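Its first residue numbered 3, the sequence shown is counted upward by one per residue in the working numbering. The structure appears right after this line, and notes come after that.
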Amino acid sequence: QVQLVESGGGLVQPGGSLRLSCTASSVIFRFYTMAWYRQAPGKQRESVARITGGGDITYLDNVKGRFTISRDNAKNTVYLQMNNLKFEDMAVYYCNAVWGDADYWGQGTQVTVSS
């Protein structure tokens, strides 16, 4: 069982920035595909950004150029740098780790965008 602990959410004004972190309790973290998902009230959970163990990265179209996912395998941590935040980015953000049949989720961290 892998534990994922997220941090970094909070309240930010439109145009502001936040950095989310997710630390995994696994010695084989480097093999996992790590992803950030988000879920806004009344909407389905959607994949925001994903990074494989080999470093391949994909983004949701409407965050391209604003969000950056990265990982530090030495720290078992994946990050999501979010710049130029918009009202529509407000959601609970979840960290996800996948390797083969293993699929783990963090508890979520709230990102609120408000003026």
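Virtual Cβ for every residue (Gly too), placed ideally from N, Cα, C. As the structure is a computational prediction, the values presented were derived from the model and not from experiment.
Original post:
Do you know offhand how far D105's Cα is from A99's?
Top reply: Distance between the alpha carbons of D105 and A99 is about 6 Å.
Subject >> Where V115 falls, given that 16 or more other Cβ within 10 Å makes a residue buried >> reply: Buried, because 16 or more other Cβ atoms sit within 10 Å of the Cβ of V115.
Original post:
When you compare each of D74, N85, G17 and L20 to G55 by their alpha carbons, which one comes out closest?
Top reply: In terms of CA proximity to G55, D74 leads the group D74, N85, G17 and L20.
Original post:
Given S27, which residues of its chain have a CB within under 7 Å of its CB, disregarding the five upstream and five downstream residues?
Top reply: Same-chain partners within the cutoff: V4 and Q5.
Subject >> Local conformation of V65 per DSSP, three classes >> reply: The three-state secondary structure of V65, taken from DSSP, is helix.
Original post:
For L62 versus S72, is the C-beta distance shorter than 9 Å?
Top reply: Going by C-beta atoms, L62 is not nearer than 9 Å to S72.
**OP:** Note the first and the last residue of the continuous beta strand (DSSP E) segment covering Q5.
**Re:** No beta strand (DSSP E) contains Q5, which DSSP labels as neither H nor E.
Original post:
Considering only residues of the segment 13-79, which uninterrupted alpha helix (DSSP H) runs meet the minimum length of 4 residues and lie entirely inside it, listed in chain order?
Top reply: Entirely contained in the segment 13-79, not one alpha helix (DSSP H) run reaches 4 residues.
Subject >> Residue interval of the beta strand (DSSP E) (run including D1) >> reply: With the chain running from 3 to 117 in the structure shown, residue 1 is simply not present.
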